[in-house]
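Enquirer:
Protein chains in written order, with our numbering: chain A, 651 to 996; chain B, 651 to 996.
(1) By Cβ distance, which residues of its chain are closer than 8 Å to residue 722/A, with the 5 residues on each side in sequence left out?
(2) State the DSSP-derived secondary structure class of residue 762/A, mapped to helix, strand or coil.
(3) Residue 971/A CB to nearest chain B CB: under 7 Å?
(4) Please go through the same chain and pick out, in chain order, the residues whose beta-carbon is closer than 8 Å to the beta-carbon of residue 852/A, but skip the five residues on each side of it.
(5) Can you tell me which of 961/B, 989/B, 693/B and 837/B puts its alpha carbon nearest to the alpha carbon of residue 681/A?
(6) I'd like to know if residue 731/B contacts chain A, where contact means its C-beta is closer than 7 Å to some C-beta of that chain.
(7) Can you pull the chain B neighbours of residue 806/A, defined as C-beta to C-beta under 7 Å?
(8) Residue 992/A: which of 911/A, 879/A, 983/A and 869/A sits nearest, CA to CA?
(9) Return no unless some Cβ of chain A is closer than 7 Å to the Cβ of residue 848/B.
(10) Quick check: the segment 655 to 668 of chain B against the segment 790 to 798 of chain A, are there 3 or more CB pairs under 8 Å?
(11) Exposed or buried, residue 975/B, counting other C-beta atoms within 10 Å across all chains shown (16 or more means buried)?
(12) What are the residues of the segment 806 to 825 of chain A that lie near chain B, defined by any Cβ-Cβ distance shorter than 7 Å?
(13) Under 7 Å between C-beta atoms, does residue 828/A make it to chain B?
(14) From the beta carbon of residue 682/A, is the nearest beta carbon of chain B less than 7 Å away?
(15) Could one say the Cβ of residue 947/B lies closer than 7 Å to chain A's Cβ atoms, at least one of them?
(16) Chain A beta carbons: is any one of them nearer than 7 Å to that of residue 834/B?
(17) Along chain B, in chain order, which residues have C-beta atoms closer than 7 Å to that of residue 773/A?
(18) Can you tell me whether residue 749/B is buried or exposed, with buried defined as 16 or more other CB within 10 angstroms of its CB?
(19) Are the Cβ atoms of residue 970/A and residue 884/A separated by less than 7 Å?
(20) Would you list, in sequence order, the uninterrupted alpha helix (DSSP H) runs of no fewer than 4 residues that lie entirely inside the segment 676 to 760 of chain B?
(21) Have a look at residue 1002/A and residue 784/B and give me their C-alpha separation to the nearest angstrom.
(22) Do the segment 744 to 759 of chain B and the segment 772 to 780 of chain B touch if we need at least three Cβ pairs shorter than 8 Å?
(23) If we define contact as Cβ-Cβ less than 7 Å, is residue 744/A a contact residue for chain B?
(24) Closest to residue 846/A by C-alpha separation, out of 811/A, 825/A and 833/A, would be which residue?
(25) Establish whether the CB of residue 734/B and some CB of chain A are separated by less than 7 Å.
(26) In the DSSP assignment, find the unbroken alpha helix (DSSP H) run with residue 858/B in it and report its ends.
(27) Determine the chain A residues that contact residue 852/B at a beta-carbon separation under 7 Å, and present them in chain order.
(28) Examine chain A for any beta-carbon lying closer than 7 Å to the beta-carbon of residue 799/B, and answer yes or no.
(29) Using a Cβ cut-off of 7 Å (strictly closer), state whether residue 803/B contacts chain A.
(30) List, in chain order, every chain B residue whose beta-carbon is nearer than 7 Å to that of residue 749/A.
(31) For the putative contact between residue 913/B and residue 886/B, defined by C-beta atoms under 8 Å, what is the C-beta separation to the nearest angstrom?
(32) Go through its chain and collect everything with a Cβ distance to residue 925/A's Cβ below 8 Å, but skip five positions before and after it.
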C-alpha cells in the first residue's frame, strides 16, 4: 500500500491513539525528571508540534494499538473504548525496545541515538522499568471509561502474560546467540513469544473489549498470533535485505551481531555441506569481519534464504487471514493493515 | 525482638506467603528455562526442602507481604484474602533487587552471587523484566479468590503506581551519585519513592482489601509511608554500621560506591568546614581508597551521623505509630513487626 493511502486510511485512528498516549503520560505527577525526558524522547514528544515531518520519523508505527483499534472497529463499529489498552501495549513495546537496545548494544533507534546511547545503560534500564509500570497504569484507564471491572482484570492478566512471554522470547533470543545449533522451529517458538505475544494480545484484547462472543475472541487472538509471526519474519527479511534509509537500521548489523534470524537459520538447514561448514566457522568466531559478512550474504543467496524467508512469512500471513473467516463492514481495514505489515518496506 | 520470638510469631504468616508465592510461580507454563532458573534461585527454590537453614538464609525477609498480611489481620481478622497482592509486591521487590544489583554492580545478594554475577547482566535484565510481569499476573489471582473486580483493578493501579515511584526513586538515587550537592530533604524524597512506595502500598492494600472505610485505608497507607522511610534510613545505618555477618553486605561498600545515603548527607550538612571540604574532595574522586573510606568513617563519627541517622529513623517510626490511632485485637502484631523493622540488626 502506498504511503499516502496508508496515511489517509489510518491517520484518524493514529491521531486518537497518540492523544490517549499523551493523556496517559500527562496525568502522572513527575518525580524523577530523567524518566520523563526519556519517555518524551522515546515517543518524539520532545519535538515541537510544528515539526511534524521529524515527529513522524521518530514516533514509531504504533502497530499494536492500531491493530487493536481496527479489530474493535470491525467487531463493534467503534474503537475508542479500547484506546487505554492499546496504549498500554504501545508502552510495553517501547519499554522492550529501550531494554533490548541496551542488551543488543544497538546505538540507534528510529533514526536517533537509542536511549542508552544518550542516558547511559543504567538509566535506560530504570527508564524502561518506569515505562513498564506506566503501561499497567495506562491499562487501568479502561476502568474510568466504563469498562466492566471484570473485563479490565482480564485485560491486565492478558497484558501481564504477554509481557512475560515477551521477556521469555527475549531470553531465548539471547540464548540462541551463544548456541551452536538452533532450528527454524526453535526460532518460530522464540518469535511467537518475543514479538508475537504482544501482537496476538493486541488483536485478542481488541475483540475481548468489543464482544462477549468467546469464539470470536479466540479467532481474532489466533489471527494476531499468526500475523505476529509473519510480521517478525518479514522484519528479519528487512533486517538483511531492507533499505537502511527506510528502516533506520544498518542492513548488515543483524549479521554482524550474529543474530540467529530466520534467513540465517534457514541457510544453516539448507546449505550444502561446504557452505554449512563455512557458516559454522564464521558463527563460532567472537566477531565478524566485513569479508565474513559478505560470505554469509553469499551463502544466504545461494541457499535461497530470501525466498524461503518470504515464503514462511507468507504462509503465516495466509493462516492469519484464514482466521478472518467472517464478514463485517470494516474487516477490509484489518486486511489492508495486515497486508501492509507483511509487505512493508520499512 | 529476639529471633526465636520473631520466628514463632510470624512463621504461620510467612508459611502461607511462601505457599502462595510458589503457587503463583508453578501455574506458569515455562517457555525460557533460564527465566525459571533465575526465579527459583532468587527465592531459594533451588535449595532442597530438607536444607531449611540454608533456605532461610537466602529467601529474604518478605517484609511487604508480611506487613500487608498483618494489616489485613488487624482490620478483618484474617489475611488469606490479601496473599496474591502481597506476593505481587514481593515479586516486584525482587525484580528491583535483580536490576539494582546490575546497576550498582553489587556482586552478592543474600549471601550468594547476585543474579547478574551468575547469568550475566543482560540475562539479569531480562529475568527482572519477566519477574516484573509475573508480579502483575500474581496480583490477578485475587480475582480467582472472589475479590470484587473493582477492588482488583484498584490493587493493580496502586501496584503499578508504586512500581513507577520505585523506578523514579532509583533514577534519583543514581542521579544523586553524580551530583555535587544533595540535601537530606532530596534524600527523603528519593527513598520515599525508591523504598517507601512498596511498603506504603503493602499497608494500604492490606487495608483496602479488608475494609471499605476510606479513612482507615488512608491511615494505614500513611502509616506504611512513614514506616517505609524509617526502614530505609535504618537500612542506610546498617549499610555502614551493621554487622556484615548478619546483613550479608560489606559495611564499607556503600561508602566505596559513594552512595549518598542519609548518614553521609547528614555529615555533609553538619560537618565543620574543614571536614566538609575533605568530604567534597573525596566524593569528587572517581574511586575511593581504603584511606579515603577511613577518613569518611571518621568524619561521620565526628559529625554525630550515627545518632542523627538513628534519630531520623526514630522520628518517622514514631510518626508511623501515631497513625495507628485505633484499637484492635491484632494491632499488637503490627507494632511488634514495625519495631522489628526499625530496630533490626540485619
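Ideal Cβ placement from N, Cα and C applies to all residues, glycine included. Computed from a predicted model, the values in this text were never measured in an experiment.
Expert: Looking at the coordinates:
(1) These residues qualify, in order along the chain: 728, 729, 731, 732, 856, 857, 859 and 860.
(2) Looking at residue 762/A - three-state DSSP - the assignment turns out to be strand.
(3) No, residue 971/A does not count as interfacial toward chain B.
(4) Sequence-distant Cβ neighbours of residue 852/A in its own chain, meaning closer than 8 Å and more than five residues away, are 713, 714, 715, 717, 718, 721, 736, 739 and 874.
(5) It is 837/B whose Cα lies nearest to the Cα of residue 681/A.
(6) By this cut-off, residue 731/B is not an interface position.
(7) At a beta-carbon threshold of 7 Å, the residues of chain B lying near residue 806/A are 786, 790 and 806, ordered along the chain.
(8) For the options 911/A, 879/A, 983/A and 869/A, the alpha carbon positioned closest to that of residue 992/A is the one of 879/A.
(9) Any Cβ of chain A closer than 7 Å to the Cβ of residue 848/B would place that residue at the interface, and such an atom is absent.
(10) Flag = no, the segment 655 to 668 of chain B and the segment 790 to 798 of chain A do not touch.
(11) Under this definition residue 975/B is an exposed residue.
(12) Of all residues in the segment 806 to 825 of chain A, 806, 807, 810, 811, 813, 814, 815, 817, 818, 820, 821, 822, 824 and 825 have a Cβ within less than 7 Å of some Cβ in chain B.
(13) Chain B contact via Cβ: absent.
(14) Output row for residue 682/A: interface = yes.
(15) No, residue 947/B lies away from the interface with chain A (no Cβ there is under 7 Å from its Cβ).
(16) Answer no: the Cβ-Cβ gap between residue 834/B and chain A never drops below 7 Å.
(17) Ordered by position in chain B, the residues that pass the 7 Å Cβ test against residue 773/A are 821 and 824.
(18) By the C-beta density criterion, residue 749/B is buried, having at least 16 other C-beta atoms within 10 angstroms.
(19) Contact: no.
(20) When DSSP assignments are scanned along the segment 676 to 760 of chain B, the uninterrupted stretches of alpha helix (DSSP H) that are 4 or more residues long and fall wholly within it turn out to be 683 to 692, 702 to 708, 713 to 726 and 733 to 754.
(21) Lying before the first or after the last residue shown, residue 1002/A is absent from chain A, which here runs from 651 to 996.
(22) Cβ pair count under 8 Å is three or more, so yes.
(23) It does not; no Cβ of chain B falls within 7 Å.
(24) Ranking 811/A, 825/A and 833/A by CA distance to the CA of residue 846/A puts 811/A first.
(25) For residue 734/B, the answer is no, since every Cβ of chain A falls outside 7 Å of its Cβ.
(26) Looking at the DSSP string, the run of the alpha helix (DSSP H) that includes residue 858/B is 846 to 858.
(27) Going along chain A, no residue has its Cβ under 7 Å from residue 852/B, so there is no contact; the nearest lies around 16 Å.
(28) So, interface residue.
(29) Under the 7 Å criterion on CB atoms, residue 803/B is classed as interfacial with respect to chain A.
(30) 775 and 779, listed in chain order.
(31) Yes, they are in contact, since the Cβ atoms of residue 913/B and residue 886/B sit about 6 Å apart, within 8 Å.
(32) So the qualifying residues of the chain are 917, 949, 952 and 953.
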